[in-house]
Each structure stands twice: as C-alpha cells, then as structure tokens.
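Here the sequence shown stands for residues 0 to 396, numbered as in numbering that gives the first Met the number 0.
The structure appears right after this line, and notes come after that.
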Amino acid sequence: MRERWQKFLEDAETYLLDVIFQQRPGKKAAAIRFTLLALSKVFSGIVRLRRFLYNVRIFRDATLGVQVIAVGNLTVGGTGKTPVVEKFARALQDAGRKVAILSRGYRSKPKPLHERLVDKLLLREDTTPPRIVSDGHSLLLESLSAGDEPYMLASNLKDVVVLVDKDRVKAGRYAVEKFGCDTLLLDDGFQYWRLRGRRTDVVLVDSQQPFGNEHLLPRGTLREPPSHLNRANVVFLTKVDRGTPEKSRRIDDLRVRVARLNPRADLIECQHHPLYFEDVFSGERRGLDLLAGQRIASLSGIAQPESFESKLVELGGEIVLARRFADHHRFNQQEVLDAINRGKKRGAAMLLTTQKDAVRFPKIDRRDLPIYFMRVEIKIVAGAEGFDDCVRRICFR
0 MRERWQKFLE DAETYLLDVI FQQRPGKKAA AIRFTLLALS KVFSGIVRLR RFLYNVRIFR
60 DATLGVQVIA VGNLTVGGTG KTPVVEKFAR ALQDAGRKVA ILSRGYRSKP KPLHERLVDK
120 LLLREDTTPP RIVSDGHSLL LESLSAGDEP YMLASNLKDV VVLVDKDRVK AGRYAVEKFG
180 CDTLLLDDGF QYWRLRGRRT DVVLVDSQQP FGNEHLLPRG TLREPPSHLN RANVVFLTKV
240 DRGTPEKSRR IDDLRVRVAR LNPRADLIEC QHHPLYFEDV FSGERRGLDL LAGQRIASLS
300 GIAQPESFES KLVELGGEIV LARRFADHHR FNQQEVLDAI NRGKKRGAAM LLTTQKDAVR
360 FPKIDRRDLP IYFMRVEIKI VAGAEGFDDC VRRICFR
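Laid out in structure tokens, this is it:
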C-alpha cells in the first residue's frame, strides 16, 4: 500500500513538472497552468507578508550568540546544495570552529501522526530534542530516520555535529548547549528567518536552470522572486560549464544578471567534481578510470539526473540503461534487481548511482553486477578568493 501511494505521488509530481515546463500539450494542461498561475499570485502574497511580519518583528526571530551560515536556494531542488554545505563545514572546521549542521530532514521519518495531532490539539510545545544524526564522533541514525542529505553529510563529515529538527532554533540551542558549537550551518536555510544574529546568507543558483521558468510556486519552481537574491552575502553559480563559446556566453550573461540583482555579494563559480567510485555495499574504492570504455547502467532518484549521467559519459562510460525515479525515491529490492537484470541484458559491466541514492539502497539478495556510487565534491573554478574571504569573515567576526 505504501509503495503504491509513493508511486502515485511520484507520478503526480512528474506530471505536474511536465505541465509547469510546458512539456504537456492540450487544453487540460493549459487549464492546469492557468490555475497554478493564480495560485502563484496567492503564494507571492504570502511570501511578501511573511517577510514583512519578520521585518516589523511581529514574527519574532532568535539570536543564539553564535555564527549562523544559511545555505539555500531560490528554487526547489537540484542546485547541488549538499556538497556546498560540506565544503563550508570542512573549511570552518579546519579554521578551528566547532560546527553543527542543522537540517529539517526532508522526507525523514517523522514523529508519529497521532502524537503530532495531540500536540496541536492541546497547543503543546514540542519539547522533543532534535534527532542526532552525528555527535561529531559517531553516526547514530540510519538514512530513513535522518533524511538523505543529513545522513550523507554525517557520513562524509565524521567530526561535525549533524542535527535534524523542523525547529532549527531549538536544534541550534541544543547544539550550542550540548555540544559547545560556535558555528551553525543551516542546510536549506535561506528562507528560515527565525534564526538570525550574526548571519551569513549563501545562495546557490543552478547555472543550467537559474530561475526555473521564472514563476513562483506552484506555477514554477521559485520559492521567492529573483529580486530576493539581494539578501545574499555570497552567491554560488553551480554546475558551471564553459566548454563552448556559447555556454561561456550564457554563464557571463548570468553573472551580469546576478550582479544587477545583488552587486554586493561575492560571486563564485563551481562544478561538481568527481573524486572516486565506491562500492555501495563493501566500501571498496575505485579510481575515476573505472568507467573508461565500459558499458554501464545508471540508477538515480534525484532532481536533475541529466547532470549525473553526463558526468558518467565524460568519465568514459557508455550508458546502455538509464533508470530515473523521482527525487528522494526510496528504492525497493525489486527495482534495483530490475535495473541490474536489464543492464546485464544490454551488456552493462556495472550499475552506477549517486551517493545520495546509495544511502537509500535496500539490501540486495544477489548482485550480478557490481554497484558503485560516485563520490563528488565542490570545485571552485572562479571566485575562490570570495569563498576564502567569507570563511575569514565568519571566523574573525
């Protein structure tokens, strides 16, 4: 039942995205777009009202006396935020800061429904402590309870505290009091205005799809208008590709637009840089030459699988099967076995996935193909001095 419901939601999401980006013709799709546009106007009003209420302090924010770095986007999904959070955490930790990453844990296992309903009916404040994914020494939760991104960050950053809670003021206070943290990194925190103080706002803009179709939710993928980029201290242009004159011109045009929206922000260009391949189950690491001349199958459940697949091709692989699922899809054993069987029939030597997907993999009874995930990091290709300056400002503020 749960899997059927999940499939229904994923199919509905795929259909709506096709409608939003005009991939579905016909009167029905046009009517849906018209309705979504009207709802976008309502959403825009809510966004402006919420910002106004925080600015005039009717909605109260909190200050915890520590550094706060909010990393986020103007759009939903697919900008490559997690590796940027990881890069900041490493740089700040190396500079001597005691870092905690605070995440809301998107699609993590929630508190039981009946308990949440009772809390709301009784107007009871949630005093449950945040979930500790990592205490800075050990990984304490599995991916289902933690959420994909927090689990991945905790796996990659062994000495950084990672906490999950929708109330990040509560989680931040817990990190300060329980673990002695002096620097809080808000994963997906650009729209989280309750926690201010000495705050640095970092916004990621996908250079391939900077502002989606320029519409706010639900007609588009924007959470806020592009003009709200003016709140950012640092802007990362992610997935930068200057491989041809035309691509380079598009990046330059985007830089001009971002500079007009926010002339004060440091502007940084970056790419997702592969480090190695790792066996999903054994942990064996292989070099980037693993794919050279090989026929491969890919399996992913991320927002923009094209970027992942193109990277596999760049590394020498020939993709004979590409299985795509909705973002955050939790694979079952049959889906993985199906990808293996179909890949084998087409001559694939291995199955490739992303690290974010690998944390959601089920145990497999049989593996007729080796399964690897690609470990990546953020590589700054322009504006490195802006990143270094940002870290110094945080450390010596």
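Glycine is no exception: its CB is placed at the ideal position from the N, C-alpha and C atoms.
Per-residue DSSP class, three states only, for L36: Note: L36 maps to helix in three-state DSSP.
Rounded separation between V335 and D278 - CA only: One alpha carbon belongs to V335, the other to D278, and they sit about 15 Å apart.
Exposed unless 16 or more other CB atoms sit within 10 angstroms - verdict on Q33: This sequence places Phe at residue 33; Gln is not what is there. Under this definition F33 is an exposed residue.
Run of the beta strand (DSSP E) containing E317, from where it starts to where it stops: E317 -> beta strand (DSSP E) spans E317 to R323.
Bridge partner(s) assigned by DSSP for I370: For I370, which the question treats as bridged, DSSP gives the partners L350.
DSSP bridge partner residues for A381 (one or two, in chain order): DSSP lists E268 as partners of A381.
Close Cβ partners of Y371 (< 8 Å) along its chain, the five nearest in sequence each way excluded: In its chain, beyond the 5 residues on either side, F276, E277, D278, V279, R285, L289, M349, L350, L351 and T352 have a beta carbon closer than 8 Å to the beta carbon of Y371.
Cβ neighbour criterion (16 or more within 10 Å) applied to D200: Counting the other CB atoms within 10 Å of its CB gives D200 a total of 16 or more, which places it among the buried residues.
Own chain partners of R130 with C-beta closer than 8 Å, once the 5 adjacent residues on each side are dropped: Excluding sequence neighbours, R130 sits near G104, S107, L140, S144, A145, L162, V163 and D164.
Boundaries (first-last residue) of the beta strand (DSSP E) holding V65: Looking at the DSSP string, V65 is not in any beta strand (DSSP E), and its letter there is neither H nor E.
L122 classed as buried or exposed, judged by whether at least 16 other C-beta atoms fall within 10 angstroms: Bear in mind that a pLDDT of 49 at L122, under 50, signals an unreliable position, so the number given afterwards is only what the model happens to contain. With fewer than 16 other beta carbons inside 10 angstroms of its own, L122 counts as exposed.
Same chain only: Cβ atoms within 7 Å of R241, ignoring 5 sequence neighbours per side: Excluding sequence neighbours, R241 sits near S247 and I250.
Pairwise C-alpha distance: A264 and A258: Taking the straight line joining both Cα atoms gives about 8 Å.
Residue range of the beta strand (DSSP E) that includes T237: Its beta strand (DSSP E) spans residues V233 to T237.
L260 to Q332 span [Cα, whole Å]: Near 47 Å, if we compare the C-alpha coordinates of Q332 and L260.
Buried or exposed by the 16-neighbour rule on C-beta atoms within 10 Å, applied to S297: That one is buried.
Simplified DSSP assignment, three categories, for L73: Here DSSP, grouped into helix, strand and coil, assigns L73 to coil.
Expected contact under 8 Å - CB spacing of I19 and N212 to nearest Å: Between N212 and I19 the Cβ distance is about 7 Å, and since that is below 8 Å, they are a contact.
Cβ-Cβ distance between E317 and Q354 below 8 Å: Cβ atoms of E317 and Q354: not closer than 8 Å.
Where Y191 sits in the DSSP three-state scheme: Reduced to three states, the DSSP call for Y191 is coil.
One or two residues paired with T243 in a DSSP bridge: Checking the DSSP bridge columns, you'll see T243 has no partner listed.
Neighbourhood of S226 by C-beta distance below 7 Å, restricted to the same chain and skipping five residues each side: Hits under 7 Å: L260.
S137 - DSSP class collapsed to helix/strand/coil: Coil, per DSSP.
Same chain only: Cβ atoms within 7 Å of W401, ignoring 5 sequence neighbours per side: Only positions 0 to 396 of the chain appear in the structure, and residue 401 is not among them; the question remains open.
Start and end residues, alpha helix (DSSP H) containing P167: Here the sequence assigns Arg to residue 167, which means Pro is not the residue at that position. Following the DSSP letters along the chain, one finds R167 inside the alpha helix (DSSP H) bounded by residues R167 to F178.
Identified DSSP bridge partners for I100: Secondary-structure assignment with DSSP links I100 through a beta bridge to V161 and L184.
Contact under 8 Å by Cβ, L91 with G171: Between L91 and G171, the gap from beta carbon to beta carbon reaches 8 Å or more.
DSSP state of F7 mapped onto helix, strand, coil: The three-state reading of DSSP puts F7 in helix, counting H, G and I together.
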